[in-house]
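First up is the structure itself, then whatever we jot down about it.
There are 2 protein chains.
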Amino acid sequence: MAEDDATTSAAGQLTPVSYLVLGLVARHGAATPYDLKSFVAQSIGNFWSFPHAQLYKEPPRLAELGLLAEEREEHGRRRRTFRITEAGRAALSAWLAEPDTSLGELRAPGLLKLAFAELGKPGDVEALASAQAAAHRARLKTYRSYTAMSADVMPWSLRRTLELGIAYEQMQVEFWERLLADCATGQHTRR
Amino acid sequence: MAEDDATTSAAGQLTPVSYLVLGLVARHGAATPYDLKSFVAQSIGNFWSFPHAQLYKEPPRLAELGLLAEEREEHGRRRRTFRITEAGRAALSAWLAEPDTSLGELRAPGLLKLAFAELGKPGDVEALASAQAAAHRARLKTYRSYTAMSADVMPWSLRRTLELGIAYEQMQVEFWERLLADCATGQHTRR
DNA sequence: CCAAGAATAGTCCGAAACAGACCGTCTGCA
DNA sequence: TGCAGACGGTCTGTTTCGGACTATTCTTGG
C-alpha cells in the first residue's frame, strides 16, 4: 500500500480522538495541544471526556502519519504548533463523508443506580431522582447560556450539537422529575 | 481501618462495574460470570458497553474483598458461581443510599461528526442525519418491544431505565429528523 | 520593582479498560 | 454419530485514563 494515499492507508489507525484533533486544527488553522485542550473543554468535552494527555499524544502521532505538520519553538515554553496538511484535510473529508450509523453510549452513573433501585431502601430513589434532576437542571442552564454566543466563535455545526445537548438535558430533567412525582404518589412500584 | 467494616474499607476500590456485578448477583441470588454477561447484554449493555472480560475479572476480585462468595464446579465446565455476602449487600446498600450528582457521558460518534460538519461537503450532513435517524428509529423500535415483558423478568427499576432509553432515542430521532428537514429548506447554515 | 500566585504549557507513568482471539464443554438434532 | 451452535471461560497486547509532576510566563498588589 503506497504512502501517497493517506486517506486509505491511515484510516484504519484513526480513532475518534484523531478526528477530533484533525477537526479542531482544521477549524482553527493552527493549534497547540493546549489550545485543543481548551477547545475541547468548552465544547465536546461536555458530552465526552477526553483526558488532556491524549490531546498531547495524538498530534505528534498524526504528524508521523503525515496528516499534520508540526513546528516547535526552540526556547521558552517550547510550544508545539500543528497545522493540517493536504493529506489530513483529505482524511477528515473522507470521514465526514461517510454517514455514521453507530449509536454511541450513554454512560450515566445515575442510570446504573436506578437500575438497581429496587434493592435499596424506599427513600433512596427519591433522593437520587432529586439529585439528578438538580444536576441536569444546572447543566441545562449552562448550555442555555452558551446559546447567546455569536456565530463567530460558534459555527452552525457546533450550535447544532449544543441544541442536542439542550434537548438531552431537558429530557433528563423531565425524566427524573417525573420519577420524583411518581414516587410521591406511590406510583413507582406499579406501572 | 479494620476489616470488619467492608462498607467503608472497600468503597474506594469499587467501580461502576463492581456495583453492576454486585447488583446483578443480588437480584438473581446467584450467578456465573456468563450469566452476568447475558444479563448485561439484554439490559444496561444497551447504553453502556462492558467488555465481557471485565465481567469475568470482577467477581473474583469482589470475592477477595469479601463481598461475594465463590463456589466452583470441579469437573466439566468448571462453572464459577457467585453469591452475595452480607458485606456485599451492605456495600450495595450504601452505594444505593448515596444520591449521585454526576452527569455521565454521551459518547456518540455521530455527534462528533456533526460538530465538524461545517468542514465537510454540503451533502454530508443530510446523509449523516438520515443514517442517524434511521439507526435511532431502529433502536427505539427494539426498546418498545421490550415494554411488553412481564414484571417477573423486569423489575420496576429496570422498567424505568427502559423508559429513559425510550425517551433518549425518541429525542435523538426528533433531533436528526429536524436537522434533516432544516437541511432541505436550507435553514441549517443560518439560525 | 518584585514576589507570590494564577494561568499557561507540557511530560510522564502505573493501573485499568478494552477488544477480541482463542479454547474447551455440552446439547440437540439431523 | 457427528457436528453446529450455544455455553463458559482464559488470555494477551494495546489504548485509555486519571492524575501527579515540572517548568514557563503573566498578573497583580504591596
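Those sequence lines, one after another, are chains A and B. Residue numbering for the first sequence follows this note's numbering, starting at 5 and increasing by one per position. Residue numbering for the second sequence follows this note's numbering, starting at 5 and increasing by one per position. Positions of the beta carbon are idealized from the N, C-alpha and C atoms, including for glycine.
With DSSP collapsed to three states, give me the class of B/L69. coil
Which listed residue (A/D128, A/V177, A/L168) has its alpha carbon closest to that of B/V177: A/L168
With B/T85 as the anchor, note down where its beta strand (DSSP E) starts and where it stops. 84-88
Could you check the C-alpha separation between A/R113 and A/E78 for me, to the nearest Å? Residue identity differs from the one stated: residue 113 of chain A is Pro in this sequence, not Arg. The straight-line gap from Cα to Cα measures roughly 45 angstroms.
What are the start and end residues of the beta strand (DSSP E) that includes B/E109? 109-111
Assumed close pair B/A133, B/L184 - CB separation to whole angstroms, cut-off 8 angstroms: 4 angstroms
Under 8 angstroms by beta carbon: chain A residues contacting B/Q136: P103, D104, T105
Chain A beta carbons: is any one of them nearer than 7 angstroms to that of B/P126? It does not; no Cβ of chain A falls within 7 angstroms.
Name, please, each residue of chain B whose Cβ falls closer than 7 angstroms to the Cβ of A/E75. Counting only Cβ-Cβ distances below 7 angstroms, A/E75 has no contacts in chain B at all, with the closest Cβ about 22 angstroms away.
Can you give the beta carbon distance from A/F120 to B/A171, rounded, assuming they're within the 8 angstroms contact cut? Rounded, the Cβ-Cβ distance is 20 angstroms, inconsistent with contact.
Residues that A/H140 contacts on chain B, provided the C-beta gap is smaller than 9 angstroms: L107
Of the residues that make up the stretch 21-36 of chain A, which ones have a beta carbon closer than 9 angstroms to any beta carbon in chain B? Cβ contacts with chain B come from Y23, L24, L26, G27, L28, A30, R31.
Span of the alpha helix (DSSP H), counted from its first residue to its last, around B/S134: 126-150
Measure the alpha-carbon distance for B/A45 versus A/R93 and round it to whole angstroms. 38 angstroms
CA-CA distance, A/E122 and B/R31? 9 angstroms
Any beta-carbon of chain B closer than 7 angstroms to the one on A/R84? no
Using Cβ-Cβ distances below 9 angstroms, what residues of the stretch 36-49 of chain B are close to chain A? S47, I48
Do the stretch 94-101 of chain A and the stretch 67-78 of chain B make contact, defined as three or more Cβ pairs closer than 8 angstroms? With a cut-off of 8 angstroms, the stretch 67-78 of chain B and the stretch 94-101 of chain A do not count as touching, because too few Cβ pairs lie within range.
Which residue or residues does DSSP assign as beta-bridge partners of B/A35? B/F86
Inter-residue Cα distance where the pair is B/D104 and A/A135: 6 angstroms
Around the Cβ of A/T36, are there at least 16 other Cβ atoms within 10 angstroms (buried) or fewer (exposed)? buried
Given a threshold of 16 other Cβ atoms within 10 Å of its Cβ, counted over all protein chains shown, does A/E90 qualify as buried or as exposed? Exposed.
For B/R76, write down the residues that DSSP places opposite it in a beta bridge. B/R84
Going by Cα to Cα distance, which pick from A/G190, A/E181, A/R164 is closest to B/R182? A/R164
Spatial neighbours of B/K41 within its chain, please: CB distance less than 7 angstroms, with the 5 preceding and 5 following residues excluded, ordered by chain position. H56, L59
Using a Cβ cut-off of 7 angstroms, pull out every chain B residue sitting near A/E122, in sequence order please. P159, W160, S161
Cα-Cα separation, B/C187 to B/R141: 19 angstroms
Ignore the nearest five residues each way along the sequence and tell me which others in A/E7's own chain have a CB closer than 6 angstroms to its CB. Low local confidence applies: a pLDDT of 41 at A/E7 is under 50, so the model's placement there is unreliable, and no value is given.
The alpha helix (DSSP H) enclosing B/T189, as first and last residue numbers: Taken as a continuous stretch (DSSP letters only), B/T189 belongs to no alpha helix (DSSP H), as it is neither H nor E.
Cβ closer than 8 angstroms: which chain A residues qualify as neighbours of B/P189? In the sequence under discussion, the amino acid at residue 189 of chain B is Thr, which differs from the Pro named in the question. None at all; the shortest Cβ gap to chain A is about 14 angstroms.
Are any of the Cβ atoms in chain B nearer than 7 angstroms to that of A/P113? yes
Where does B/M175 sit, in a helix, a strand or coil, going by DSSP? helix
Neighbour flag for B/L18 against chain A, beta carbons, 7 angstroms: no
Taking its Cβ as the centre, do 16 or more other Cβ atoms sit within 10 Å of A/G108, making it buried, or is it exposed? buried
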